[in-house]
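Trainee: Below is a structure I'd like to ask you about.
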Amino acid sequence: MALKIAMIGAGSIGFTRTLMHDIVAVPELAGTTFAFTDISSRNLDMVTQLCQRDLEANKLPAKIVATEDRRKAIAESDYVISTIRQGGLEAFQTDIDIPLKYGVDQCVGDTICAGGIMYAQRTIPALLDFCKDIREVARPGALFLNYSNPMAMNTWACNKYGQVKTIGLCHGVQGAHWQITHCIEHWARGEGLIGPEEKLHRREVDVVAAGINHQTWFIKVQWRGMNMIPKMLELFESHPEYRQTEKVRIDVLRRFGYYSTESNGHLSEYLPWYRKRPDEIPQWIDLSRWINGETGGYLRVCTEGRNWFESDFPNWLKEEPPVIAPDKRSEEHGSYIIEALETGRVYRGHFNVINQNHITNLPNGCVVEIPGYVDKNGINMPVVGDLPLACAATCAASVRVQEMGMEAAVHGDVSLLKQAMLHDPLVGAVCNP
Numbered sequence: 002m003a004l005k006i007a008m009i010g011a012g013s014i015g016f017t018r019t020l021m022h023d024i025v026a027v028p029e030l031a032g033t034t035f036a037f038t039d040i041s042s043r044n045l046d047m048v049t050q051l052c053q054r055d056l057e058a059n060k061l062p063a064k065i066v067a068t069e070d071r072r073k074a075i076a077e078s079d080y081v082i083s084t085i086r087q088g089g090l091e092a093f094q095t096d097i098d099i100p101l102k103y104g105v106d107q108c109v110g111d112t113i114c115a116g117g118i119m120y121a122q123r124t125i126p127a128l129l130d131f132c133k134d135i136r137e138v139a140r141p142g143a144l145f146l147n148y149s150n151p152m153a154m155n156t157w158a159c160n161k162y163g164q165v166k167t168i169g170l171c172h173g174v175q176g177a178h179w180q181i182t183h184c185i186e187h188w189a190r191g192e193g194l195i196g197p198e199e200k201l202h203r204r205e206v207d208v209v210a211a212g213i214n215h216q217t218w219f220i221k222v223q224w225r226g227m228n229m230i231p232k233m234l235e236l237f238e239s240h241p242e243y244r245q246t247e248k249v250r251i252d253v254l255r256r257f258g259y260y261s262t263e264s265n266g267h268l269s270e271y272l273p274w275y276r277k278r279p280d281e282i283p284q285w286i287d288l289s290r291w292i293n294g295e296t297g298g299y300l301r302v303c304t305e306g307r308n309w310f311e312s313d314f315p316n317w318l319k320e321e322p323p324v325i326a327p328d329k330r331s332e333e334h335g336s337y338i339i340e341a342l343e344t345g346r347v348y349r350g351h352f353n354v355i356n357q358n359h360i361t362n363l364p365n366g367c368v369v370e371i372p373g374y375v376d377k378n379g380i381n382m383p384v385v386g387d388l389p390l391a392c393a394a395t396c397a398a399s400v401r402v403q404e405m406g407m408e409a410a411v412h413g414d415v416s417l418l419k420q421a422m423l424h425d426p427l428v429g430a431v432c433n434p
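Residue numbers (the working numbering): 2 to 434.
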């Protein structure tokens, strides 16, 4: 089938190459035309070279058209994918550094908190420009798949003000699903329920996660017919790695009864309790990896890797091109959604969508992350019902911050922007008005 997929921010080597491989690994999608676009001609050229080489080495008929003209890339597209980081690393640096001067210590700064709110002010206007192009020049009904953070605010703005059907995609649920699987595996091995060398795949553990992006909660976990929710605290406290690296998540699990999808570093900055006193932060984080909660950890990793085009790119060109095949696909949702819509093969994943009574104790109109099913009939999102009250309370506090931050970005409303900062859980815990 002859599809055209526009990829905005295609100079992002990780996402672009991975998603392209995932898509063309589907036999019916092997002839897709990709329109790569980016504001960096250098990055765009290098990513195009790598991806073109990968297609040729695998003898695939897909085509790549690279252009700095975004509107040209979007024209006649069936799908549009955004992976942009608006403002680049220079702006990201200010998102971390300025709040830190006032005691607001962030690990990631891309969702809410001071950094995420300011990130939205830059990103939402850009995404609304993308939506305008999609409405005007993409094929009718083109679907916008957004990977850009802050996920909830961006997806909310695109659906409400961009007038384009937008689905927000994140891999947090998949990552935490694997953690739960590893915990069950460790426990089951000790109980003699599996062999000493037996490995579990996450497909064997049935989960339902629901909430908002980066604050989604596993409200159902089943393995071999057993409800594992009552055992979750025991499983994580006894795991040799996670009991050290996931102290915030385990503490929240102890108090709420449900495990959060996001990393220790992420979750710690969405709550008012774990990063408000500098002398207490070290007791909650393990510095073996940035994602466990290192101050400015994600910025550091991104900055250290910013010169990939100088150091890594020449080596990548010398390497043997990777094999592109169905069994080599990543766990990113994008290719599976496109495959399901185009072929009818049913796909189940967790997606960010507008709440329409899906989670009944969160506001309608906000963006929720819940399970969904995709086939030729479209993307279908079942009703989850009420979240557990503690989980809902945490999400509801963030939703109002997201709403104020999103509306501030759309309307240029500085008063709303300040109010979003005041109501942010961590900013409010650290700062006086």
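Each residue gets a CB set at the ideal place from its N, CA and C atoms; glycine is no exception.
Is G12 near V48, with beta carbons less than 9 Å apart?
Mentor: yes
Trainee: What residue from E242, E270, I371 has the CA that sits closest to V253's CA?
Mentor: E270
Trainee: Could you check whether A127 and I85 sit closer than 9 Å to each other, using their CB atoms as the reference points?
Mentor: yes
Trainee: What does the alpha-carbon distance come out to for the pair N356 and F237?
Mentor: 31 Å
Trainee: My parser needs the beta strand (DSSP E) runs of 3 or more residues fully inside the region 203-231; what are they?
Mentor: The qualifying runs are 206-213, 216-224.
Trainee: Thinking L144 and F352 are a contact (beta carbons under 8 Å), I'd like their distance in whole angstroms, please.
Mentor: Contact doesn't hold; Cβ gap of about 11 Å is too wide.
Trainee: Considering only the alpha carbon of each residue, which of P327, L90, D96, T395 lies closest to M119?
Mentor: The option with the nearest alpha carbon to M119 is D96.
Trainee: Mind checking whether T182 and E199 have CB atoms under 9 Å apart?
Mentor: no
Trainee: I'd like to check one pair, C303 with L90: are the Cβ atoms closer than 9 Å?
Mentor: For L90 and C303, yes; Cβs fall inside 9 Å.
Trainee: To the nearest angstrom, report how far apart D280 and Q164 are at their CA atoms.
Mentor: 46 Å
Trainee: May I have the straight-line CA-CA distance separating S41 from L388, to the nearest angstrom?
Mentor: 43 Å
Trainee: Please state the DSSP three-state secondary structure of V369.
Mentor: strand
Trainee: Going by the CB atoms, is the gap between I292 and G266 shorter than 9 Å?
Mentor: yes
Trainee: Within 10 Å of its beta-carbon, does V347 have 16 or more other beta-carbons around it, so buried, or fewer, so exposed?
Mentor: exposed
Trainee: State the beta-bridge partners of V411 as determined by DSSP.
Mentor: The secondary-structure analysis by DSSP pairs V411 with nothing; it has no beta-bridge partner.
Trainee: Beta carbon of H172, beta carbon of E333: below 9 Å?
Mentor: yes
Trainee: Please state whether DSSP places S336 in a helix, a strand or coil.
Mentor: Looking at S336 - three-state DSSP - the assignment turns out to be helix.
Trainee: Could you check if C359 is buried or exposed, using at least 16 other CB atoms within 10 Å of its CB as the buried criterion?
Mentor: Here the sequence assigns His to residue 359, which means Cys is not the residue at that position. The residue is buried, with at least 16 neighbouring Cβ atoms inside 10 Å.
Trainee: Is it a yes or a no for the region 403-411 touching the region 137-154, going by three-plus beta-carbon pairs under 8 Å?
Mentor: The region 403-411 vs the region 137-154: in contact.
Trainee: In this structure, what does DSSP give as the bridge partners for L146?
Mentor: I82, I168
Trainee: Would you kindly work out how many angstroms separate the C-alpha atoms of T395 and V208, rounded to a whole number?
Mentor: One C-alpha to the other measures close to 21 Å.
Trainee: Could you tell me which residues DSSP pairs with Y348 in its beta bridges?
Mentor: V375
Trainee: For R203, which of G176, P315, V105, W218 has the nearest alpha-carbon?
Mentor: G176
Trainee: Taking the CB atoms as reference points, tell me whether Q223 and L268 lie closer together than 9 Å.
Mentor: No, the Cβ-Cβ distance between Q223 and L268 is not below 9 Å.
Trainee: Check whether the region 312-324 touches the region 52-64, taking contact to mean three or more Cβ pairs, one atom from each stretch, closer than 8 Å.
Mentor: yes
Trainee: Scan the region 52-109 and note each continuous alpha helix (DSSP H) run of 4 residues or more that stays entirely inside, going in chain order.
Mentor: 71-75, 89-102
Trainee: Which runs of the alpha helix (DSSP H) fall wholly inside the region 259-325 and span at least 4 residues, in chain order?
Mentor: Runs of the alpha helix (DSSP H) spanning 4 or more residues and lying entirely within the region 259-325 occur at 265-269, 298-305, 309-312, 314-319, in chain order.
Trainee: Starting from the C-beta of E69, find all residues in its chain whose C-beta is less than 8 Å away, skip the five residues before and the five after it, and write them out in chain order.
Mentor: These residues qualify, in order along the chain: T38, D39, I40, S42, L45.
Trainee: For the beta strand (DSSP E) holding T124, just list the boundary residues, first then last.
Mentor: Not the beta strand (DSSP E): T124 falls in the alpha helix (DSSP H), residues 114-138.
Trainee: Can you name, in chain order, every residue of its own chain whose Cβ lies under 8 Å from the Cβ of G386, other than the five neighbours on each side?
Mentor: I360, T361.
Trainee: So, for I125: in the same chain, excluding its five sequence neighbours on each side, which residues have a beta-carbon less than 7 Å away from its beta-carbon?
Mentor: M154, N155, A158, M407, A410, V411, listed in sequence order.
Trainee: Taking 9 Å as the cut-off, decide whether the C-beta atoms of G294 and R278 are in contact.
Mentor: no
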